[in-house]
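Visitor: Here you go, one structure.
Residue numbers (the UniProt record's numbering): 1 to 103.
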């Protein structure tokens, strides 16, 4: 759960709570790693994967319909470049945190 929490910039307890709720709904299953039983793994179930794919499809269509159609191709390209740079910055920040001993 620590890796998930770090990548989402959330607390471990918050992620544990959310994963527990998803598990109760049959969307995620948890287990432990054979080589380190203290570590907890979370994986989507088939039902979770199906729901996630449907949600992503709906999200993509809504973004396209409500936002992207209002922009020119040049504006879309500028936003894409901005998001790419922000993503790189977030990845750099995560790497820096890990190199300083972060979780």
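A virtual CB, placed ideally from N, CA and C, is assigned to each residue, including glycine. The structure presented is a predicted model; accordingly, all values stated were derived computationally and were not measured.
Are three or more beta carbon pairs between the stretch 41 to 54 and the stretch 19 to 29 nearer than 8 Å?
Guide: yes
Visitor: For chain C, is any of its Cβ atoms less than 7 Å away from the one on residue 69?
Guide: Given the protein chain composition of this structure (a single chain), no chain C is represented.
Visitor: If the criterion is Cβ atoms closer than 7 Å, does the pair residue 76 and residue 68 meet it?
Guide: yes
Visitor: Closer than 8 Å by C-beta to residue 1: which residues in its own chain qualify, once you throw out the five before and the five after it? Chain order, please.
Guide: 12, 15, 16, 19, 40, 42
Visitor: Starting from the N-terminal side, write out each stretch of the alpha helix (DSSP H) that is 4 residues or longer and does not extend beyond the UniProt domain "HTH marR-type" (1 to 88).
Guide: 2 to 8, 12 to 24, 46 to 66
Visitor: Can you give the beta carbon distance from residue 94 to residue 32, rounded, assuming they're within the 8 Å contact cut?
Guide: With 8 Å as the limit, residue 94 and residue 32 do not qualify as a contact, their Cβ atoms being about 24 Å apart.
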